[in-house]
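Notes follow once the structure below has been shown.
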Amino acid sequence: MEKLIELEQFAKLTDCQLLTNQELEKIDSVYPIKISQHLKEMIKITSSKAIASQFLPNLNEIQDLTGIGAFFPDEIHNTKLLVQKYPNRCMIYTTSICFANCRFCSRKEKWNDYNSFSYYLFDEAYSEICKNNYFHEVLLTGGDVLTNSDEQIEYMLRKLSQIKHIKTIRLATRAFTSNPLRISSKLCEILDRYNKVIIVTQFNSADEFGSDTKKALQMIQKAGLPVLNQSVLLKGINDELSLMIELLETCAENRVIPYYLFHCFNIKGVQHFRTNVNRGIDITNSLVGNIGGWLIPRYTLIPSSTGLKIPMCSNGFVESETNFLVKDYTGRIIEYI
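Quick note, the sequence shown lines up with residues 1 to 337 if you use UniProt numbering.
Here's what the structure looks like:
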């Protein structure tokens, strides 16, 4: 577990929940506490509650037992690492390891299952993908895919890139937030060799864009890789319109493309992060007209019963028996002609 004195210091610095040693040990035994050195430095420098709240433990994690387990019931496991939810794409869980443990993680029930990269299991998943030409896209995830070594990452990319029916390979990582120094010249050279690769990351607050993070993004972008952002709507962190606009505009400044805004999953140990769905709808609808259209992420629910994405599209249609009425961002209702 992280040093108790450090956790106390961070909680006081950011006005987060102050816990006793016994409480911290109890939380850590269920949901391990892991904060990267970069995040520790960022918390010290910025005193950002938005950063600290994502990684510091909270008693609600073990007191509120509502919600489901970490995995959704409809995931099809063709092999141990391979998961298929949609007809034309699949995921490979390359590792269970992250640089830091996000306290709202949908897989936090699995944190005590320490599984590192396996060439044998990856090859098993690779063979399954080769046999099924309906797969056009592969997501390499974890854990954090960049906790794997450069050699392991190149091994995966080289093999997957050779499959003709695979058009896109996505790498899922929070390294820009949790360990930006992982983005090295050597890694960028590897990624630059494979033109099918897209990076998917997660920024939830503008406070996460420190100097090292900005440099890491520039290195990845110089290698020609697009970076997409998948945020999570989190209570007290980005559930105000002004905070969301600040996040999205900071993404734009750093050439990060807003992609999804996920409603926080209904998982055990994360209920204190969840807002109601109407809050998310209000925020995303309010973005229209207040920020460039390309910066508005897809607000999306993932129900516990299915694990499948449901976009909550902005609804400008107004029901009418006679005319086709629409509503603009100012609230005006007009007839579409």
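Glycine residues also receive a C-beta, built at the ideal position from the N, C-alpha and C atoms.
Values in this document were obtained by computation on a predicted structure and should not be read as measured data.
Around the Cβ of isoleucine 33, are there at least 16 other Cβ atoms within 10 angstroms (buried) or fewer (exposed)?
With 16 or more Cβ atoms within 10 Å of its Cβ, isoleucine 33 is classed as buried.
Please classify tryptophan 294: is it buried, with 16 or more other beta-carbons within 10 angstroms of its beta-carbon, or exposed?
With fewer than 16 Cβ atoms within 10 Å of its Cβ, tryptophan 294 is classed as exposed.
With respect to the alpha helix (DSSP H) encompassing glutamine 22, which residues constitute its N-terminal and C-terminal limits?
Glutamine 22 -> alpha helix (DSSP H) spans 21 to 30.
Evaluate glutamate 323 with the Cβ neighbour count: other Cβ atoms within 10 Å of its Cβ, from every protein chain shown; 16 or more gives buried, anything less gives exposed.
A small fix is needed here, since residue 323 is asparagine in this sequence, not glutamate. Exposed is the call here.
Spatially closest choice to glutamine 84 from Phe117, Tyr114, Lys108 and Leu139, by CA coordinates
Each of Phe117, Tyr114, Lys108 and Leu139 was checked against the Cα of glutamine 84, and the nearest Cα belongs to Leu139.
DSSP three-state call for isoleucine 281: helix, strand or coil?
In this structure, isoleucine 281 counts as helix in the three-state DSSP scheme.
Suppose the cutoff is 8 Å on Cβ atoms and the five residues either side in sequence are ignored; what does the same chain contact list for tyrosine 114 look like?
So the list reads Ser96 and Ile97, once near-sequence residues are dropped.
I'd like the list of long-range same chain contacts for histidine 165, defined as Cβ closer than 7 Å, with 5 residues on each side in sequence excluded.
Within the same chain, histidine 165 has close Cβ partners Asn133, Phe135 and His136.
Mapping the DSSP letters down to three states, classify asparagine 60 as helix, strand or coil.
Here asparagine 60 sits in helix by DSSP.
Can we say the segment 88 to 108 touches the segment 52 to 71, given the rule of at least three CB pairs closer than 8 Å?
They touch, by the three-pair rule.
Counting along the chain, where does the beta strand (DSSP E) carrying phenylalanine 262 start and finish?
For phenylalanine 262, the enclosing beta strand (DSSP E) has its first and last residue at 257 to 263.
Assigned secondary structure, alanine 172 (DSSP; H/G/I helix, E/B strand, else coil)
Strand, per DSSP.
With DSSP collapsed to three states, give me the class of glutamine 304.
Reading the sequence as shown, one finds serine at residue 304 and not glutamine. In the three-state reduction of the DSSP assignment, serine 304 falls in the coil class, being assigned neither a helical nor a strand state.
Label glutamate 151 either buried or exposed according to how many other C-beta atoms from any shown protein chain fall within 10 Å of its C-beta, with 16 as the threshold for buried.
Answer is exposed; the Cβ neighbour count stays below 16.
Of the choices His272, Val30, Val270 and Pro297, whose alpha-carbon is the least far from that of isoleucine 283?
Ranking the options by Cα distance to isoleucine 283, first place goes to Pro297.
Between which two residues does the alpha helix (DSSP H) harbouring lysine 44 extend?
Taken as a continuous stretch (DSSP letters only), the alpha helix (DSSP H) holding lysine 44 covers 37 to 46.
Name the DSSP bridge partner or partners of lysine 327?
By DSSP's assignment, lysine 327 forms a beta bridge with Ile333.
Enclosing beta strand (DSSP E) for arginine 89 [first to last residue]:
From DSSP, the beta strand (DSSP E) with arginine 89 extends over 89 to 93.
If you run the structure through DSSP and keep just helix, strand and coil, what is residue 393?
Residue 393 cannot be examined here, being either before or after the span of the chain that is shown, 1 to 337.
Between the CA atoms of aspartate 239 and glutamine 202 - distance to the nearest angstrom:
Glutamine 202 and aspartate 239: Cα-Cα distance of roughly 16 Å.
Residues sharing a beta bridge with arginine 298, DSSP:
Paired residue(s): Tyr260.
Does the Cβ of lysine 186 have 16 or more other Cβ atoms within 10 Å, making it buried, or fewer, making it exposed?
An exposed status is given to lysine 186, since fewer than 16 other beta-carbon atoms sit within 10 Å of its beta-carbon.
Hey, out of Lys3, Leu18, Leu81 and Ala206, whose CA is closest to threonine 141's CA?
When C-alpha distances from threonine 141 are compared across Lys3, Leu18, Leu81 and Ala206, the shortest belongs to Leu81.
Find the nearest neighbour of cysteine 313 within the set Phe262, Ile129 and Val227, judged by alpha-carbon distance.
Nearest neighbour of cysteine 313 by Cα position, chosen from Phe262, Ile129 and Val227, turns out to be Phe262.
With a 10 Å radius around its C-beta and 16 neighbouring C-beta atoms as the bar for buried, classify threonine 94 as buried or exposed.
Buried is the call here.
Could you pull the DSSP bridge partners for threonine 201 from this structure?
According to DSSP, which records beta bridges pairwise, threonine 201 is partnered with Asn229.
Just list the residues that DSSP pairs proline 311 with in beta bridges.
DSSP lists Thr300 as partners of proline 311.
Nearest-angstrom Cβ-Cβ length linking glutamate 154 and isoleucine 190, presumed shorter than 8 Å:
Right, their Cβ atoms sit about 5 Å apart.
Once you ignore the five residues that flank arginine 274 on each side, which residues in its own chain have a CB closer than 6 Å to its CB?
The beta carbon of arginine 274 lies closer than 6 Å to those of Cys264 in the same chain, with the five residues before and after it left out.
So which of Ser127, Leu325, Phe209 and Lys222 has the shortest CA-CA distance to asparagine 229?
Among Ser127, Leu325, Phe209 and Lys222, the Cα nearest to that of asparagine 229 is on Phe209.
Is the segment 22 to 41 touching the segment 174 to 182 in the sense that three or more CB pairs, one from each, lie closer than 8 Å?
Verdict: yes, contact present.
Environment of valine 277 [buried if 16+ CB atoms lie within 10 Å]:
Burial call: exposed.
Look up residue 350 in the DSSP assignment and say whether it is helix, strand or coil.
With the chain running from 1 to 337 in the structure shown, residue 350 is simply not present.
Give me the Cα-Cα distance between methionine 244 and asparagine 148, rounded to the nearest whole angstrom.
Across the structure, methionine 244 and asparagine 148 are spaced so that their CA atoms are roughly 32 Å apart.
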